[in-house]
Amino acid sequence: MTLVSLAIDYKKASLDVRGAFTLDNERLGQHLKTLKEQHGVEQCLILSTCNRTEIYAVISELKHLDHVINWWQQSAKRNDLDLKNFLIVRQGTHVAHHLMRLSCGLESMVLGEPQILGQIKYAYAEALANNTLGGDLNRLMQKVFSVAKRVRFHTNIGQCPVSVAFSAVTLAKQSLSHFEDKTILVIGAGSTAMLVTKHLASLTPKRLIIVNRTLEKAQQLATEHHAEAFSLSVLSGLAEQADIIVSAVNSRELILTADMLTNTNPKTLIDLSVPRVTDPLFDQMDNITIYCVDDIQGLIQNNKTLREKAALRAEKWIEKGLDDYINQEKAILSDNTIKAMRNQTKDMIDDELNRCLKRLENGEDPKMVLARFAHNVKNKWLHTPSVSLRNAAVEGRNDMLNLAEEIFGLNTGL
Numbered sequence: 017m018t019l020v021s022l023a024i025d026y027k028k029a030s031l032d033v034r035g036a037f038t039l040d041n042e043r044l045g046q047h048l049k050t051l052k053e054q055h056g057v058e059q060c061l062i063l064s065t066c067n068r069t070e071i072y073a074v075i076s077e078l079k080h081l082d083h084v085i086n087w088w089q090q091s092a093k094r095n096d097l098d099l100k101n102f103l104i105v106r107q108g109t110h111v112a113h114h115l116m117r118l119s120c121g122l123e124s125m126v127l128g129e130p131q132i133l134g135q136i137k138y139a140y141a142e143a144l145a146n147n148t149l150g151g152d153l154n155r156l157m158q159k160v161f162s163v164a165k166r167v168r169f170h171t172n173i174g175q176c177p178v179s180v181a182f183s184a185v186t187l188a189k190q191s192l193s194h195f196e197d198k199t200i201l202v203i204g205a206g207s208t209a210m211l212v213t214k215h216l217a218s219l220t221p222k223r224l225i226i227v228n229r230t231l232e233k234a235q236q237l238a239t240e241h242h243a244e245a246f247s248l249s250v251l252s253g254l255a256e257q258a259d260i261i262v263s264a265v266n267s268r269e270l271i272l273t274a275d276m277l278t279n280t281n282p283k284t285l286i287d288l289s290v291p292r293v294t295d296p297l298f299d300q301m302d303n304i305t306i307y308c309v310d311d312i313q314g315l316i317q318n319n320k321t322l323r324e325k326a327a328l329r330a331e332k333w334i335e336k337g338l339d340d341y342i343n344q345e346k347a348i349l350s351d352n353t354i355k356a357m358r359n360q361t362k363d364m365i366d367d368e369l370n371r372c373l374k375r376l377e378n379g380e381d382p383k384m385v386l387a388r389f390a391h392n393v394k395n396k397w398l399h400t401p402s403v404s405l406r407n408a409a410v411e412g413r414n415d416m417l418n419l420a421e422e423i424f425g426l427n428t429g430l
């Protein structure tokens, strides 16, 4: 049995190529079942995300790897692209090491991002539900989850935001201790505003308001997150009501001006626009805390440094986890050998015991029967090892002779 993984990821394949060879999650169960039916595939698991598609499999012989590759190529139905040109293949402990790093976010486009662990758990659950896992992959996944848990607990690798949108939400959380009675206002409905709104909605504020020049876009975004939508023309009145205002728009004019905020209530302004669209006068107001892109970039850079340091600590936990996994697999390999040896010995003894009982039933002398039983068991049990050791001696394989002495606790005096 050989543990292998095949991967296409953002490091080697473009978005178009990744899309061509994706094994979508909606049909993951079907993919798993048909993959398991391929000749030589004993166990399998498929991980599919926007940045990677990876197959983990246990195959009976390494030559059956081609069956997995051919299945994937045919599943994609893209004869104009050769899967092998983009494929990353790993084997044995390299598979375990990669999957441990992946689960901790060390292989992600954004270092340390936590979403990948949830995606791996989903892939595991699907394989479990479709009966495509076996003992080998199951043990590997349990060890991977254990390592990821330790890394998250002992390092801060996933706790420092390194995206503009998530950093903005982090600043919002720092400014307020609770949100159930607060109003958050988002200016804009573009890609950055969409990400920010998604994160802000998770804070469950009393009101979440989307303001945009095009009301239709604001309404569409608001519908997705149970928010309110308004046109930019009513921004002034809404801004007065907000506790936090986030702007993410493309404009060369000021959108939020000082005359729009006349009350003295504390407010946090987070301006993600370039150039900034919030009035510079806000910088001088005691009741206003304002963050601009430069502030956030500084936070992101600092957090990247923290994540890189955390990644170094994570590597140590991964190395320990990998060592534990390797030792575990070695122990299981010896357990299988011991089990086979015990079963073989039991079958041999049972066979001789049946002969012994028949002789006793026929009235033969019990002492003679037992003596013959012991003699036959000894000869049968030692026959194969004796032949192997004689051949080893003839071939000059003294290491095998020494190993036999160690295993059986012998002292030949030589």
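Heads up, the sequence shown is in this note's numbering, so the first residue is 17 and it goes up one at a time.
Think of the CB as a built atom: it goes at the ideal place given N, C-alpha and C, for glycine as much as any other residue.
(message) For cysteine 60, count the other beta carbons within 10 Å of its own beta carbon; 16 or more makes it buried, fewer makes it exposed. Which is it?
(response) Residue burial annotation: cysteine 60 is buried, with at least 16 other C-beta atoms found within 10 angstroms of its C-beta.
(request) Keeping to the same chain, check which residues put their C-beta closer than 8 Å to that of alanine 217; ignore five residues upstream and five downstream. (result) Leu224, His241, His242, Ala243
(message) Extract the residue ranges of the beta strand (DSSP E) inside the segment 87 to 134, only unbroken runs of 3 or more that lie entirely within it.
(response) 104 to 107
(message) Could you compute how far the alpha carbon of arginine 94 sits from the alpha carbon of leucine 144?
(response) 29 Å
(message) Using only the alpha-carbon positions, how far apart do serine 263 and asparagine 318 sit?
(response) Cα to Cα, serine 263 sits roughly 23 Å from asparagine 318.
(request) Grab the span of the beta strand (DSSP E) containing lysine 283 for me, first residue to last. (result) Note, lysine 283: beta strand (DSSP E), 283 to 287.
(request) Ignore the nearest five residues each way along the sequence and tell me which others in arginine 34's own chain have a CB closer than 8 Å to its CB. (result) Ile24, Asp25, Tyr26, Cys66, Asn67, Arg68, Thr69
(request) Starting from the C-beta of serine 119, find all residues in its chain whose C-beta is less than 6 Å away, skip the five residues before and the five after it, and write them out in chain order. (result) Leu133, Ile136, Val160, Ala164
(message) By the DSSP assignment, the alpha helix (DSSP H) with cysteine 307 in it spans what residues?
(response) Note on identity: in this sequence residue 307 is tyrosine, with cysteine being the wrong assignment. Per DSSP, tyrosine 307 belongs to no alpha helix (DSSP H); it is in the beta strand (DSSP E), 304 to 307.
(request) Measure the C-alpha to C-alpha separation of isoleucine 75 and leucine 153 and round it to an integer number of angstroms. (result) 11 Å
(request) Could you tell me which residues DSSP pairs with isoleucine 313 in its beta bridges? (result) Residue 313 is actually glutamine in this sequence, not isoleucine. None, per the DSSP bridge assignment.
(request) Could you tell me if lysine 283 is buried or exposed, where buried requires 16 or more neighbouring beta carbons within 10 angstroms of its beta carbon? (result) So lysine 283 ends up on the buried side.
(message) Among the candidates Ile200, His215, Thr199, whose CA atom is the shortest distance from the CA of threonine 186?
(response) Of Ile200, His215, Thr199, the smallest CA-CA separation from threonine 186 is found for His215.
(request) Mark valine 227 as exposed unless 16 or more other C-beta atoms lie within 10 angstroms of its C-beta, in which case mark it buried. (result) buried
(message) Using only the alpha-carbon positions, how far apart do aspartate 340 and threonine 50 sit?
(response) 33 Å
(message) Nearer than 6 Å: is that true of the beta carbon of arginine 68 relative to any heavy atom of the ligand GDP?
(response) Because no ligand of any kind appears in the structure shown, any question about the ligand GDP cannot be addressed here.
(message) Please classify methionine 116 as buried or exposed, where buried requires at least 16 neighbouring CB atoms within 10 angstroms.
(response) buried
(request) Output the boundary residues of the alpha helix (DSSP H) element that contains alanine 188. (result) 180 to 191
(request) Would you identify the three-state DSSP class for phenylalanine 246, choosing helix, strand or coil? (result) Phenylalanine 246 falls in the strand class under three-state DSSP.
(message) Could you give the first and the last residue of the continuous alpha helix (DSSP H) run that contains valine 33?
(response) That run of the alpha helix (DSSP H) goes 31 to 36.
(request) Would you tell me roughly how many angstroms separate the C-alpha atoms of valine 410 and lysine 28, rounded to the nearest one? (result) 53 Å
(request) Mind checking who leucine 63 pairs with in its DSSP beta bridge? (result) Glu70
(request) To the nearest angstrom, report how far apart phenylalanine 246 and methionine 276 are at their CA atoms. (result) 16 Å
(request) Sort Asp96, Asn407, Gln158, Trp333 by Cα distance to valine 167 and report the nearest one. (result) Trp333
(message) Between which residues of its own chain and leucine 376 is the CB-CB distance below 8 Å, once the five residues before and five after are set aside?
(response) Correct list, in chain order: Pro382, Val385.
(request) Taking phenylalanine 298 as the reference, give the member of Leu31, Gly174, Ile261 with the closest Cα. (result) Out of Leu31, Gly174, Ile261, Ile261 has the C-alpha closest to the C-alpha of phenylalanine 298.
(request) Taking only the alpha-carbon atoms, compute the straight-line gap between proline 130 and isoleucine 365 and give it to the nearest angstrom. (result) 56 Å
(request) In the DSSP assignment, find the alpha helix (DSSP H) that holds aspartate 209 and state where it starts and stops. (result) Reading off the sequence shown, one finds alanine at residue 209, where the question assumed aspartate. Run containing alanine 209: 207 to 217, per the alpha helix (DSSP H) assignment.
(request) Can you grab the Cα-Cα spacing for the pair glycine 206 / phenylalanine 182, in whole Å? (result) 15 Å
(message) By the three-class DSSP mapping on this structure, what secondary structure does arginine 223 have?
(response) strand
(message) Going by C-alpha to C-alpha distance, which of Thr280, Ser64, Asp295 sits closest to glutamate 269?
(response) Asp295
(message) Assuming contact is defined by CB atoms lying nearer than 7 Å, are histidine 47 and isoleucine 71 in contact in what I supplied?
(response) No.
(request) From the DSSP output, read off the bridge partner residues of leucine 272. (result) Thr294
(request) State the beta-bridge partners of isoleucine 78 as determined by DSSP. (result) It is worth fixing the name first, because residue 78 is leucine in this sequence and not isoleucine. Leucine 78 is not bridged to any residue.
(message) For the beta strand (DSSP E) containing aspartate 25, name the first residue and the last one.
(response) 18 to 25
(request) Indicate whether serine 249 and valine 265 have their beta-carbon atoms separated by less than 7 Å. (result) no
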